[in-house]
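**Student:** Its first residue numbered 236, the sequence shown is counted upward by one per residue in the working numbering.
A single structure is presented below for examination.
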Amino acid sequence: MPKPIHLIVACSENRVIGRNGGLPWSIPEDSRFFQEKTRGQTVIMGARCFAEWPSCVRDRDVVVLSHEPHPLPATVHRATSLTAAIALGQALRGDIYLCGGQRVYEEGLGLGDVLHLTLVHAQIQGGDTFFPDWRAQFPRELSRRESQDANWRYTFLSLGK
Ligand SMILES: NC(=O)c1ccc[n+]([C@@H]2O[C@H](COP(=O)([O-])OP(=O)(O)OC[C@H]3O[C@@H](n4cnc5c(N)ncnc54)[C@H](OP(=O)(O)O)[C@@H]3O)[C@@H](O)[C@H]2O)c1
């Protein structure tokens, strides 16, 4: 049986996920959530995301999407399409988590079984990477938890099809 496919993302109310090659916010509770959910699992991500988070290899199996021959650590798998990455992931650890960026989410939205969405209650200006509109694909709320820190208010949502 194919493994479950999860999408995991934090996005603002106007669906921004990135700005200038990084996250538009620093939310320690969300970083911890992301780390804990994906620990011991297989993560699939684009080349820029991997460049931002190379330490993910310590506790996870990693498949990086890239057409370019960027040097990658020996334990990291490379694929040139999301379909190939998911096929590779079937033989790796745990469930499959699609971790961005924009194109991975756009192509993966229709393939995912569960969406772990941290909705950051802000309108972010100057964003350059976006999450697609998920509402039609993931109409079912499985769980919800509201939280906040000194700078941001956000909701952890788990959504199903
Ligand atoms: N808020 C969040 O939860 C979250 C999550 C992830 C990322 N982000 C943010 O998003 C930004 C990075 O994302 P990004 O969209 O710019 O870059 P990215 O997806 O990490 O990397 C883009 C590169 O990955 C390869 N690639 C991506 N999708 C592919 C596909 N489907 N098939 C084949 N190759 C593929 C291509 O590499 P080649 O050119 O080498 O072929 C492409 O140039 C950063 O700002 C980051 O902080 C935010």
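For every residue, glycine included, the Cβ atom is placed at its ideal position computed from N, Cα and C.
Within its chain, find whatever has a CB closer than 7 Å to the CB of R313; leave out the 5 residues flanking it on each side and keep chain order.
**Tutor:** Start at 1 with the first residue of the sequence shown, and residue 313 comes out as number 78. V299, S301 and L307.
**Student:** Which residues in the same chain as G345 place their Cβ atom closer than 7 Å to its Cβ, once the five residues preceding and following it in sequence are excluded?
**Tutor:** Counting from one through the sequence shown, the residue named residue 345 turns up at place 110. Cβ within range, chain order: Q372.
**Student:** State the Cα-Cα distance for the pair I243 and L333, rounded to the nearest angstrom.
**Tutor:** For the purposes of this step, residue 243 is taken as residue 8 along the sequence shown, with counting starting at 1. For the purposes of this step, residue 333 is taken as residue 98 along the sequence shown, with counting starting at 1. C-alpha separation (whole angstroms): 6 Å.
**Student:** Check whether the region 279–287 and the region 317–331 touch, using three or more Cβ-Cβ pairs below 8 Å as the test.
**Tutor:** Yes: the two stretches touch, three or more of their Cβ pairs being nearer than 8 Å.
**Student:** The alpha helix (DSSP H) spanning T318 covers which residue range?
**Tutor:** Within the sequence shown, numbered from 1, the residue matching residue 318 stands at position 83. First-last of the alpha helix (DSSP H) with T318: L317 to G324.
**Student:** Would P292 and T364 qualify as a contact pair, given that the criterion is a beta-carbon distance under 9 Å?
**Tutor:** Here the question's residue 292 lines up with position 57 in the sequence shown. Here the question's residue 364 lines up with position 129 in the sequence shown. It is worth fixing the name first, because residue 292 is Val in this sequence and not Pro. Contact flag unset, no.
**Student:** So is the beta-carbon of L317 under 8 Å away from any non-hydrogen atom of ligand 1?
**Tutor:** Against the sequence shown, residue 317 aligns to sequence position 82. The answer is yes for L317.
**Student:** Could you tell me which whole beta strand (DSSP E) segments of length 3 or greater appear in the region 268–301?
**Tutor:** Taking only runs of at least 3 residues, the beta strand (DSSP E) segments lying wholly in the region 268–301 are 277–281 and 296–300.
**Student:** With 16 other CB atoms within 10 Å as the buried threshold, where does D296 fall?
**Tutor:** On the sequence shown, position 61 is the one that residue 296 refers to. With 16 or more Cβ atoms within 10 Å of its Cβ, D296 is classed as buried.
**Student:** Just to confirm, are G395 and L354 a CB contact at a threshold of 9 Å?
**Tutor:** By one-based count along the sequence shown, residue 395 stands at place 160. By one-based count along the sequence shown, residue 354 stands at place 119. Not in contact: G395 and L354 (Cβ atoms no closer than 9 Å).
**Student:** What are the boundary residues of the beta strand (DSSP E) that includes Q383?
**Tutor:** Counted from its first residue, the sequence shown places residue 383 at position 148. Q383 -> beta strand (DSSP E) spans R375 to Q383.
**Student:** Name the residue from I240, S247 and P237 whose alpha carbon lies nearest to the alpha carbon of Q360.
**Tutor:** Indexing the sequence shown from 1 puts residue 360 at position 125. That would be S247, whose Cα lies nearest to the Cα of Q360.
**Student:** Buried or exposed: T310, going by 16 or more other Cβ atoms within 10 Å of its Cβ?
**Tutor:** Position 75 of the sequence shown, counting from 1, holds the residue named residue 310. Per the 10 Å Cβ criterion, exposed.
**Student:** Let me know the secondary structure DSSP gives V244 once reduced to three states.
**Tutor:** Sequence index remark: in the sequence shown, residue 244 carries index 9 (1-based). Of the three classes helix, strand and coil, the one that applies to V244 here is strand, per DSSP.
**Student:** Between the beta-carbon of G335 and the beta-carbon of P259, is there less than 9 Å?
**Tutor:** Numbered from 1 along the sequence shown, position 100 holds the residue referred to as residue 335. Numbered from 1 along the sequence shown, position 24 holds the residue referred to as residue 259. Taking 9 Å as the Cβ cut-off, G335 and P259 do not qualify as a contacting pair.
**Student:** Does the distance between the C-beta of A322 and the nearest non-hydrogen atom of ligand 1 fall short of 8 Å?
**Tutor:** Taking the first residue of the sequence shown as 1, we reach residue 322 at position 87. No, ligand 1 has no heavy atom inside 8 Å of this Cβ.
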